[in-house]
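First the structure, in the form of structure tokens, and then the observations on it.
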Amino acid sequence: MEADEARLLAPFAQKSGESQGRKFGEPSHSYRTEFQRDRARIIHSRAFRRLEYKTQVFLNGTGDHLRTRLTHTIEVASISRTIARALRLNEDLAEAIALAHDLGHSPFGHSGEEMLAECMREHGGFEHNRQSLRVVELLEHPYPNFPGLNLTSEVREGLHKTQVTSLEAQIADLADEITYYSHDLDDAIDFDILNFEQLEEVEVWKYAANSVRKRYPDLREPELHKLIIRDVIDRQVQDVVATGSAQIASAGLQSASDVRNRPPLIQYSDQLADANRALRKFLYQNVYYHPRVAEVNERACEMLRKVFETYLLDPSRLGEAATRRIENEGLHRTVCDYIAGMTDRYLIEEFERIVGHPERSRGIR
Ligand code: MG
Numbered sequence: 061m062e063a064d065e066a067r068l069l070a071p072f073a074q075k076s077g078e079s080q081g082r083k084f085g086e087p088s089h090s091y092r093t094e095f096q097r098d099r100a101r102i103i104h105s106r107a108f109r110r111l112e113y114k115t116q117v118f119l120n121g122t123g124d125h126l127r128t129r130l131t132h133t134i135e136v137a138s139i140s141r142t143i144a145r146a147l148r149l150n151e152d153l154a155e156a157i158a159l160a161h162d163l164g165h166s167p168f169g170h171s172g173e174e175m176l177a178e179c180m181r182e183h184g185g186f187e188h189n190r191q192s193l194r195v196v197e198l199l200e201h202p203y204p205n206f207p208g209l210n211l212t213s214e215v216r217e218g219l220h221k222t223q224v225t226s227l228e229a230q231i232a233d234l235a236d237e238i239t240y241y242s243h244d245l246d247d248a249i250d251f252d253i254l255n256f257e258q259l260e261e262v263e264v265w266k267y268a269a270n271s272v273r274k275r276y277p278d279l280r281e282p283e284l285h286k287l288i289i290r291d292v293i294d295r296q297v298q299d300v301v302a303t304g305s306a307q308i309a310s311a312g313l314q315s316a317s318d319v320r321n322r323p324p325l326i327q328y329s330d331q332l333a334d335a336n337r338a339l340r341k342f343l344y345q346n347v348y349y350h351p352r353v354a355e356v357n358e359r360a361c362e363m364l365r366k367v368f369e370t371y372l373l374d375p376s377r378l379g380e381a382a383t384r385r386i387e388n389e390g391l392h393r394t395v396c397d398y399i400a401g402m403t404d405r406y407l408i409e410e411f412e413r414i415v416g417h418p419e420r421s422r423g424i425r
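The numbering used here applies: residue 61 is where the sequence shown begins, and numbers increase by one.
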């Protein structure tokens, strides 16, 4: 497989046989590359399974067809693979980074993240990208001889959003954006907080809608918006493949190490970058803080705060593994890690145990 990679992938792709390796040495595997092993480690982790019951934007459980953190992650992985393959880059690496990118997300989406950051303001803060690294380096512990998943340095570096490493990491990063731009529009329409008139002011939407209407003039809802969303994704992916490929060519890359310490090459065209900025602004103004989203998230976050404060006063409520971390990590960080790892529903149940009456949170389910 390593020989196949050398033959099939572009010279500037990150080959698994050229990995910088793992922090704790392990023998290589007989029929899987290093990045394939990383992908499997991530999928088999507890943090990955919990993504199923964590909010993406709409509180987990609000509607069974709305995205959860898990289905979001799977979409990011799928788009990452498509782009990586089109550019002859390492699909397994891009996919592994995509699958791990949100492992550190707290319950209750971005509102939950803000609340945890607030609880941790005097104690080192909280940010989900950094937390994803903590999950794979410390909090998961499936192996007897070392903490964490012992992933390759290329996958771990890909989770550091601050430094430019591989093209594969850049792909996973943009695929995340492409995914949420499109699925947040889709879910917001399904959830009836966006309508077609409002969307006419959004270039990304209008471009795709015009193209779909030309091909299917009689198409009506709900099929219409599904096809429009499909076109939105298709345009974004095509644009990134074309722009990225041109950027790579003009940079004259010879090897994977040429990618380091230079600005990202996997990008949107200038025109689409502008349109996406406007789309992002639109989503902030019309979706993420829409009363039907914000109110329920705010109530959920008050539960998070209450649970956080209760653990500080009574650490005996923490699980066994968390209790063992207090000595090294301190109480605040331990509580933060513990809560960040929870699913929405576990946090709600824990809140109910603490206040002793389930009716207080019933409206949120
Ligand atoms: Mg994400």
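Glycine included, C-beta positions come from ideal geometry on N, C-alpha and C. Treat the numbers as computed from the prediction; the structure is a model and nothing was measured.
DSSP three-state assignment for residue i, whether helix, strand or coil
| i | result |
| --- | --- |
| Arg-82 | strand |
| Thr-303 | helix |
| Thr-128 | strand |
| His-285 | helix |
| Thr-370 | helix |
| Thr-115 | strand |
| Thr-239 | helix |
| Thr-225 | coil |
| Arg-422 | Unreliable positioning characterises Arg-422 in this predicted model, as indicated by a pLDDT of 49, which lies under 50. The coordinate reading is nonetheless provided below. If DSSP states are grouped into helix, strand and coil, Arg-422 belongs with the helices. |
| Thr-394 | helix |
| Thr-12 | In the structure as shown, the chain begins at 61 and stops at 425. Residue 12 is therefore absent and cannot be evaluated. |
| Thr-403 | coil |
| Thr-212 | strand |
| Gln-96 | helix |
| Tyr-344 | helix |
| Ala-248 | helix |
| Lys-266 | helix |
| Gly-379 | coil |
| Met-363 | helix |
| Gly-416 | coil |
| Ile-231 | helix |
| Leu-149 | coil |
| Arg-290 | helix |
| Met-61 | coil |
| Gly-77 | helix |
| Phe-411 | helix |
Residue i vs residue j beta-carbon contact at 9 Å
| i | j | result |
| --- | --- | --- |
| Gln-307 | Leu-325 | yes |
| Gly-123 | Phe-251 | yes |
| Asn-150 | Gln-74 | yes |
| Ala-160 | Ile-231 | no |
| His-220 | Ile-289 | no |
| Gly-81 | Thr-225 | no |
| Asp-162 | Thr-133 | yes |
| Pro-167 | Asn-120 | yes |
| Val-272 | Leu-287 | yes |
| Tyr-267 | Ala-309 | no |
| Met-61 | Arg-92 | yes |
| Arg-109 | Glu-200 | no |
| Leu-209 | Leu-364 | no |
| Ala-381 | Val-395 | no |
Between the CA atoms of residue j and residue i - distance to the nearest angstrom
| i | j | result |
| --- | --- | --- |
| Phe-118 | Ala-235 | 20 Å |
| Ser-376 | Glu-369 | 13 Å |
| Glu-155 | Gly-416 | 43 Å |
| Leu-48 | Asp-233 | Absent from the model: residue 48. The displayed extent of the chain is 61 to 425, so no value can be given. |
| Phe-95 | Asp-64 | 14 Å |
| Gly-77 | Leu-227 | 16 Å |
| Arg-422 | Arg-413 | Confidence at Arg-422 is low in this model, with a pLDDT of 49, below 50, so its placement is unreliable and no value can be given for it. |
| Glu-178 | Gly-184 | 10 Å |
| Glu-261 | Leu-68 | 43 Å |
| Tyr-348 | Glu-174 | 13 Å |
| Val-292 | Arg-99 | 28 Å |
| Glu-389 | Val-195 | 14 Å |
| Phe-186 | His-392 | 11 Å |
| Arg-127 | Ile-253 | 15 Å |
| Glu-229 | Phe-84 | In the sequence as presented, Glu is not what sits at residue 229; that position holds Ala. Those two C-alpha atoms are separated by around 22 Å. |
| Leu-284 | Lys-274 | 12 Å |
| Val-319 | Phe-72 | 8 Å |
| Val-357 | Asp-278 | At residue 357 the sequence reads Asn, which differs from the Val that was named. Using only the alpha carbons, I get a separation of about 38 Å. |
| Leu-296 | Tyr-328 | As written in the sequence, residue 296 is Gln, which differs from the Leu given in the question. Straight-line Cα distance between these residues: approximately 8 Å. |
| Thr-131 | Val-353 | 19 Å |
| Ala-66 | Glu-257 | 51 Å |
| Lys-341 | Glu-387 | 43 Å |
Closer than 8 Å: residue i CB and nearest ligand 1 heavy atom
| i | result |
| --- | --- |
| Val-136 | yes |
| Asp-236 | yes |
| Asp-98 | no |
| Thr-133 | yes |
| Tyr-344 | no |
| Tyr-240 | yes |
| His-161 | yes |
Proximity test, residue i beta-carbon vs ligand 3 heavy atom, cut-off 8 Å
| i | result |
| --- | --- |
| Phe-368 | By its list of ligands, the structure shown excludes ligand 3, since it contains just ligand 1. |
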